[in-house]
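For reference, the structure discussed in these notes is given below.
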Amino acid sequence: MIAALQWTTLAVCALVAIARIPSALRGENRSIFGVFVLATLAVLLSIDVSYLTVDAWLGSGNYTNLILRFVVYGTVLLAGYRIAKAFDAPRSIRLIVGPAGKAVFAVVGVATVALFLLADTAGSATGLTGLSSRSPENAALIAWYSAAGRLYPAFVAACILPATCLAIGRRLPWAVRLGALLLTAAFAALALGSFYPLIPREAGYLKAIINYTSVLCLALGLALVWISSLLAKRKRMNLR
Amino acid sequence: MPLPAKAFQHWLHVVAPNASTADICRISGIKRTTLAQQLVRGKVAENTLVSISRALKRSPLEDLSSFDSYAELAGRPQVPTPAELVSQIATMDLLRAVISRAAPAYGGYGDDGSAATPALGPAPHATSVRNWVDAIDDGELRHRVSDATGIAPQNYSAQLTANRLSPELAVATARAAGVGFTGGLVATGLLTEAEAGWAPEAKQAALDALSDGELTALAGERLQALGKTLRRQEHEHEQTKKIWENLG
Numbered sequence: 295m296i297a298a299l300q301w302t303t304l305a306v307c308a309l310v311a312i313a314r315i316p317s318a319l320r321g322e323n324r325s326i327f328g329v330f331v332l333a334t335l336a337v338l339l340s341i342d343v344s345y346l347t348v349d350a351w352l353g354s355g356n357y358t359n360l361i362l363r364f365v366v367y368g369t370v371l372l373a374g375y376r377i378a379k380a381f382d383a384p385r386s387i388r389l390i391v392g393p394a395g396k397a398v399f400a401v402v403g404v405a406t407v408a409l410f411l412l413a414d415t416a417g418s419a420t421g422l423t424g425l426s427s428r429s430p431e432n433a434a435l436i437a438w439y440s441a442a443g444r445l446y447p448a449f450v451a452a453c454i455l456p457a458t459c460l461a462i463g464r465r466l467p468w469a470v471r472l473g474a475l476l477l478t479a480a481f482a483a484l485a486l487g488s489f490y491p492l493i494p495r496e497a498g499y500l501k502a503i504i505n506y507t508s509v510l511c512l513a514l515g516l517a518l519v520w521i522s523s524l525l526a527k528r529k530r531m532n533l534r
Numbered sequence: 008m009p010l011p012a013k014a015f016q017h018w019l020h021v022v023a024p025n026a027s028t029a030d031i032c033r034i035s036g037i038k039r040t041t042l043a044q045q046l047v048r049g050k051v052a053e054n055t056l057v058s059i060s061r062a063l064k065r066s067p068l069e070d071l072s073s074f075d076s077y078a079e080l081a082g083r084p085q086v087p088t089p090a091e092l093v094s095q096i097a098t099m100d101l102l103r104a105v106i107s108r109a110a111p112a113y114g115g116y117g118d119d120g121s122a123a124t125p126a127l128g129p130a131p132h133a134t135s136v137r138n139w140v141d142a143i144d145d146g147e148l149r150h151r152v153s154d155a156t157g158i159a160p161q162n163y164s165a166q167l168t169a170n171r172l173s174p175e176l177a178v179a180t181a182r183a184a185g186v187g188f189t190g191g192l193v194a195t196g197l198l199t200e201a202e203a204g205w206a207p208e209a210k211q212a213a214l215d216a217l218s219d220g221e222l223t224a225l226a227g228e229r230l231q232a233l234g235k236t237l238r239r240q241e242h243e244h245e246q247t248k249k250i251w252e253n254l255g
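If you're matching them up, the sequences are chains F and Y in order. Going left to right, the first sequence walks through residues 295 to 534 as my numbering numbers them. Going left to right, the second sequence walks through residues 8 to 255 as my numbering numbers them.
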């Protein structure tokens with residue numbers, strides 16, 4: 295079930311990224327192309343097979359996980375900024391790229407690296423599973439490292455959420471409203487990420503479902519808005 | 008409330024005993040699948056009945072009144088009030104009348120207008136439903152309709168904004184306002200003015216009866232409402248453009 299979700303998400307992100315290559319070459323909205331490339335990379339690095347392969351090259355010290363964190367931060371920052379601009383939410387933009395956003399990013403970035411270096415991370419393990427059981431100290435470090443990793447996406451998501459949520463109810467083309475709904479779902483899931491410690495251990499699969507659903511919703515929402523803009527462009531061409 | 012399929016089929020059998028469903032659809036221009044779907048669901052749209060009645064060269068108003076839920080439409084229809092008639096004149100026709108009454112220096116013909124002014128367009132027009140309700144509203148009408156039919160006020164308003172009103176609500180609105188039943192059916196486009204029994208010159212006569220002051224004030228209100236609608240559409244268009252520019 296989770297494997298199917300993982301591969302579907304990877305396929306959707308990769309397909310949209312490939313489909314956007316021509317427009318990226320023409321210089322149209324390269325940052326959205328970047329979002330899809332980063333999202334594809336993030337999903338790739340979180341799937342067991344590819345994670346272990348990449349980490350083996352990097353010396354099996356789980357540095358891949360650290361890279362994954364920053365790929366996720368980049369995706370969320372780029373997508374969040376672009377979406378806030380699109381939905382005309384100056385407050386969200388100010389929060390994300392203003393002093394508050396920079397401070398959160400700096401703190402989370404430093405904490406991510408520091409906690410990673412402090413912890414004992416030898417031996418490849420996708421999602422760092424099993425590393426916590428080495429010592430109580432390591433368990434605390436890994437828990438904080440994971441929390442830091444969820445904090446920044448949750449922060450950006452919470453900043454955007456009001457803007458996309460409002461757009462659902464506006465009188466806009468239906469595809470744009472559906473796109474806004476998908477984006478809202480994606481950001482709501484990301485924002486929920488900060489409450490993961492509340493999920494009981496035996497329901498751990500919920501985390502994976504929430505994570506991949508949110509990436510899938512983000513990709514589908516952006517793709518839908520893109521397709522609707524292409525259709526509108528074609529319609530205008532035909533009218534001429 | 009749409010018409011019960013059973014009563015509809017009975018009516019169809021009486022008015023066109025030898026016609027097949029295919030014939031009926033062909034002459035009335037209704038898609039066969041549409042009619043079949045309505046019959047299967049047991050509810051036939053008033054629009055369907057009117058199209059068929061029209062095609063058979065019968066009176067849609069009389070045929071509609073032969074159904075229980077529209078029985079009150081039977082008999083001589085109460086004539087529309089002047090305000091209702093004026094509400095069914097398109098905004099651009101009202102503006103044309105304002106100019107037509109202006110002094111020749113401004114491109115008009117003086118007080119009485121002129122035969123050279125183009126004839127009024129047929130109802131319904133782009134905002135005819137809301138204009139009709141505004142014309143018969145004493146300030147409490149929406150509440151009374153909402154109480155009588157159970158429709159939520161915001162849903163009712165949404166229908167007016169979309170220039171739509173179900174025939175059932177149109178009749179309920181007329182009943183609540185104490186005016187003739189044909190006004191709403193014309194404003195929603197279910198019936199033409201002629202089918203509703205309106206005199207061909209009634210709208211023009213109601214327009215001519217307006218004083219310059221009344222006409223100008225009314226045209227001003229309409230223009231303001233139109234400006235608001237256009238501005239909102241432009242705003243929505245801008246928003247959409249921005250979204251597509253940033254994410255497209």
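Note that the Cβ used here is the ideal one computed from N, Cα and C, for glycine as well. In this text the structure is predicted, and so the values were computed from the model without any measurement.
Problem set entry | Burial state of L535 (chain F), where buried means 16 or more other Cβ atoms lie within 10 Å | A query on residue 535 (chain F) cannot be resolved here, the shown segment of chain F reaching from 295 to 534 and no further.
Exercise. Excluding the five sequence neighbours on either side, which residues of its own chain have a C-beta within less than 7 Å of the C-beta of A318 (chain F), listed in chain order?
Worked result: R324 and F327
Exercise. Quick one: is I250 (chain Y) near chain F, going by C-beta distance under 8 Å?
Worked result: Output row for I250 (chain Y): interface = yes.
Problem set entry | Cβ neighbours of P84 (chain Y) in the same chain (closer than 6 Å, five flanking residues each side left out) | G187, T189 and G204
Exercise. Taking Cβ to Cβ, would you say G473 (chain F) is nearer than 8 Å to L518 (chain F)?
Worked result: yes
For this session: Closer than 7 Å by C-beta to N432 (chain F): which residues in its own chain qualify, once you throw out the five before and the five after it? Chain order, please.
Result: A413, D414, L425 and S426
For this session: Could you give the DSSP three-state label for L477 (chain F): helix, strand or coil?
Result: helix
Exercise. Do the region 189-203 of chain Y and the region 149-162 of chain Y touch if we need at least three Cβ pairs shorter than 8 Å?
Worked result: no
Problem set entry | Residue closest to N505 (chain F), alpha-carbon to alpha-carbon, out of F:W351, F:A333 and F:A313 | F:A333
Exercise. Which whole runs of the alpha helix (DSSP H) in the region 452-514 of chain F are 4 residues long or more, in chain order?
Worked result: Fully enclosed alpha helix (DSSP H) runs of 4 or longer: 468-486.
Problem set entry | Rounded straight-line distance, which links the Cα of R465 (chain F) to that of E79 (chain Y) | If you take the alpha carbons of E79 (chain Y) and R465 (chain F), they lie about 38 Å apart.
For this session: Drop a sphere of 10 angstroms on the beta-carbon of I387 (chain F), count the other beta-carbons inside from all chains shown, and report buried for 16 or more, exposed for fewer.
Result: buried
Problem set entry | Pairwise C-alpha distance: C307 (chain F) and G299 (chain F) | According to the sequence as given, residue 299 (chain F) is Leu; it is not Gly. Between L299 (chain F) and C307 (chain F), the alpha-carbon positions lie close to 12 Å from each other.
Exercise. How big is the Cα-Cα spacing for A181 (chain Y) and I143 (chain Y)?
Worked result: 8 Å
Exercise. How many Å lie between D70 (chain Y) and A479 (chain F) at the Cα?
Worked result: 51 Å
For this session: Mind listing the chain Y neighbours of R465 (chain F)? Cutoff is C-beta to C-beta under 7 Å, in chain order.
Result: E243
Exercise. Nearest to A405 (chain F) by alpha carbon, out of F:M531, F:F481, F:W438 and F:W351?
Worked result: F:W438
For this session: Look up L10 (chain Y) in the DSSP assignment and give the residues it is bridged to.
Result: Y:V51
For this session: Using three-state DSSP, classify W205 (chain Y) as helix, strand or coil.
Result: coil
For this session: Could you say which of F:V450, F:K396 and F:G355 lies nearest to S418 (chain F) if we only look at CA atoms?
Result: F:G355
Exercise. In chain F, which residues lie with their C-beta within 7 Å of the C-beta of T247 (chain Y)?
Worked result: L466, P467 and V470
Exercise. Under the three-state reduction of DSSP, which class applies to L108 (chain Y): helix, strand or coil?
Worked result: Note that residue 108 (chain Y) corresponds to Arg in the displayed sequence, not to Leu. Per DSSP, reduced to three states, the secondary structure at R108 (chain Y) is helical.
Exercise. By how many angstroms is the C-alpha of L339 (chain F) removed from the C-alpha of A448 (chain F)?
Worked result: 20 Å
Problem set entry | Residue closest to G196 (chain Y), alpha-carbon to alpha-carbon, out of Y:M99, Y:E245 and Y:T134 | Y:T134
For this session: For S429 (chain F), count neighbouring Cβ atoms within 10 angstroms of its own Cβ and tell me buried if that reaches 16, exposed if not.
Result: exposed
For this session: Kindly indicate which three-state DSSP category K379 (chain F) falls into: helix, strand or coil?
Result: Three-state result, K379 (chain F): helix.
Problem set entry | Close Cβ partners of L476 (chain F) (< 8 Å) along its chain, the five nearest in sequence each way excluded | C511, L512, L514, G515 and L518
Exercise. When you compare only the Cα positions, how much space is there between S361 (chain F) and T247 (chain Y)?
Worked result: One detail in the question is off: residue 361 (chain F) reads as Ile in this sequence, not Ser. The alpha-carbon atoms of I361 (chain F) and T247 (chain Y) are separated by roughly 36 Å.
Exercise. Which bits of chain F does L233 (chain Y) rub up against, with CB to CB less than 9 Å?
Worked result: By Cβ distance, chain F contributes nothing, its closest Cβ being about 17 Å from L233 (chain Y), past 9 Å.
For this session: Hey, could you find the ends of the alpha helix (DSSP H) H188 (chain Y) is sitting in?
Result: One point to set straight first is that residue 188 (chain Y) is Phe, not His, in the sequence displayed. Run containing F188 (chain Y): none; DSSP gives neither H nor E here.
Exercise. In three-state DSSP terms, what is G115 (chain Y)?
Worked result: coil
Exercise. Can you find a C-beta in chain Y that's less than 8 Å from the C-beta of I377 (chain F)?
Worked result: yes
Exercise. Nearest to N170 (chain Y) by alpha carbon, out of Y:A130, Y:A206, Y:I106 and Y:R151?
Worked result: Y:A130
For this session: With a threshold of 16 other CB atoms inside 10 Å of the CB of K529 (chain F), please say whether the residue is buried or exposed.
Result: When all chains shown are included, K529 (chain F) counts as exposed.
Problem set entry | Spatial distance of R65 (chain Y) from T98 (chain Y) (CA atoms) | 32 Å
Exercise. Can S58 (chain Y) and G36 (chain Y) be called in contact, C-beta distance under 8 Å?
Worked result: yes
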